[in-house]
Structures are given as structure tokens and as C-alpha cells.
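*Asks:*
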Amino acid sequence: MTVRPIITAPDPRLKAVSAPVETVDDDLRALMDDMLQSMYAANGIGLAAIQVGVAKRVIVMDLAREGETPQPRYFVNPELVELSPEREVSEEGCLSVPDQYDKVERAARIRARYLDYDGTPRDIEAEGLLAVCLQHEMDHLDGLLFIDHLSKLKRDMILRRLAKARRQSAAE
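Numbering (our numbering), first residue to last: 2 to 173.
#1: Whole angstroms is fine: what's the gap from Val-61's alpha carbon to Pro-99's?
#2: Distance check for Pro-11 and Ala-21, CA to CA, integer angstroms please.
#3: Does the beta-carbon distance from Glu-80 to Ala-109 come in below 8 Å?
#4: So Val-53 and Met-36 are supposed to be a Cβ contact under 8 Å. How far apart are they, rounded?
#5: Identify which residue in Asp-117, Pro-6 and Arg-66 has its Cα closest to the Cα of Val-59.
#6: Below 6 Å CB to CB, which residues in the same chain sit around Thr-3 once its five sequence neighbours on both sides are set aside?
#7: Start and end of the alpha helix (DSSP H) containing Gly-129?
#8: Could you give the distance in angstroms between the alpha-carbon of Leu-84 and the alpha-carbon of His-137?
#9: Enumerate in chain order the residues of its own chain whose CB-to-CB distance from Arg-14 is below 7 Å, with the five nearest sequence positions on each side excluded.
#10: For Pro-13, name the three-state secondary structure that DSSP assigns.
#11: So what's Ser-91 in DSSP terms, helix, strand or just coil?
Structure (C-alpha cells):
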């Protein structure tokens with residue numbers, strides 16, 4: 002397993018719409034294993050393949066808290082089947098928008114269909130952090146970042162802070 006570098010905004014690759022996966026095979030499982038290791042190395046809870054430069058409809062996730070047994074989840078070709086009309090606002094961050102957080106409104110409950118690590122079709126009903134994280138990561142598959150749900154003013158402020166942090170890090 003390899004820790005792959007995570008692409009950060011405003012890299013145009015993050016705006017790409019990811020292609021559906023044809024088959025869940027050993028190569029795809031190796032990608033998912035790499036993604037999971039990359040996510041753990043960056044202290045994240047979710048990662049879409051596009052964030053490591055692979056435009057495939059693949060997500061990995063682990064919502065276990067520090068000290069808990071890891072609970073990796075794999076979502077291949079996930080589709081939202083149902084969104085509750087109730088909305089919930091929660092603070093989100095993103096490994097591709099490092100150290101930036103803001104409140105985003107999303108469906109409070111969802112139902113999704115996907116293939117698992119072995120290619121078995123699955124359905125899931127989710128609420129709370131799982132629902133937020135799944136919606137967030139699925140946005141990546143369509144070229145959206147959480148900052149795209151914010152006002153232009155807030156989005157521009159975050160992008161300026163990222164650019165400033167990059168300049169400071171390059172100067173060190």
C-alpha cells in the first residue's frame with residue numbers, strides 16, 4: 002500500500018467529473034487500499050479517488066474515532082437514491098482544502114446504492130456524520146468541493162487563505 006499525495010484546491014483536477022467503474026478488480030482494490038492509507042496519513046475521515054488524481058467514482062471512509070477499532074468503508078459507483086427533505090447544517094472540512102472549515106447545509110438523512118470492496122451491490126441508509134460525509138465525498142465525484150456550497154465571498158476568502166498558506170510554506 003502506498004500513501005498518495007492529496008491534491009489541493011484550486012487544482013483543476015478537483016473539478017473533473019469522475020467516470021463510473023466498470024469492474025471491481027484487484028487493481029481497483031489496490032487503489033482503494035492506497036486511498037485508505039492516504040486518508041489515514043492525512044488524519045481524514047473520507048477521501049474520493051479524484052483527490053489522489055484518479056477520476057473514478059470511488060470513495061473510502063472511516064468514521065471511527067481515535068482509539069476505536071478502524072471501520073473502513075468502501076463505496077464504488079455510489080448513487081444517492083433518496084434525500085430527506087429535512088436539512089441539517091454542520092461544519093465541514095476537506096483534505097483538499099486543508100485547515101479550512103465552514104458550515105454546509107445538506108440532507109439530514111439519505112439512502113444510497115453502491116458496490117462494496119468486493120463488488121457486491123449494497124444499499125445504505127444514513128444520518129448524522131455518515132450522511133454528511135457520504136454527501137461530501139459524492140460531491141467530489143461530480144467535481145464539487147464543500148466550498149462550492151458557500152457564498153462566493155466565503156469561497157474566495159478560503160481560496161485566498163490557501164494561496165497565502167502555500168506561499169508561506171514555499172518561502173520556508
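Here a beta-carbon is modelled for each residue, glycine too, at the ideal position from N, C-alpha and C.
*Replies:* By the coordinates alone:
#1: Along the sequence shown, read from residue 1 onward, the residue named residue 61 stands at position 60. Along the sequence shown, read from residue 1 onward, the residue named residue 99 stands at position 98. Distance between the alpha carbons of Val-61 and Pro-99 is about 18 Å.
#2: By 1-based counting over the sequence shown, the position of residue 21 is 20. By 1-based counting over the sequence shown, the position of residue 11 is 10. First, the residue type needs correcting, since residue 21 is Pro and not Ala in the sequence shown. Cα-Cα distance, rounded: 24 Å.
#3: Position 79 of the sequence shown, counted from the first residue, corresponds to residue 80. Position 108 of the sequence shown, counted from the first residue, corresponds to residue 109. No; because the gap between Cβ atoms is not below 8 Å, this pair is not in contact.
#4: Position 52 of the sequence shown, counted from the start, is the residue given in the question as residue 53. Position 35 of the sequence shown, counted from the start, is the residue given in the question as residue 36. Between Met-36 and Val-53 the Cβ distance is about 6 Å, and since that is below 8 Å, they are a contact.
#5: Counting from one through the sequence shown, the residue named residue 59 turns up at place 58. For Val-59, the nearest C-alpha among the options comes from Asp-117.
#6: Sequence index remark: in the sequence shown, residue 3 carries index 2 (1-based). Contacts found: Asp-35.
#7: The sequence position of residue 129 within the sequence shown is 128, counting from 1. Where Gly-129 is concerned, the enclosing alpha helix (DSSP H) stretches over 129-142.
#8: Here residue 84 corresponds to residue number 83 of the sequence shown, with the count starting at 1. Here residue 137 corresponds to residue number 136 of the sequence shown, with the count starting at 1. Approximately 13 Å, taken between the alpha carbons.
#9: Looking up residue 14 in the sequence shown gives position 13. Within the same chain, Arg-14 has close Cβ partners Ile-8, Ile-51 and Gly-54.
#10: For the purposes of this step, residue 13 is taken as residue 12 along the sequence shown, with counting starting at 1. Here Pro-13 sits in helix by DSSP.
#11: Taking the first residue of the sequence shown as position 1, residue 91 is located at position 90. Ser-91: strand per DSSP, three-state reduction.
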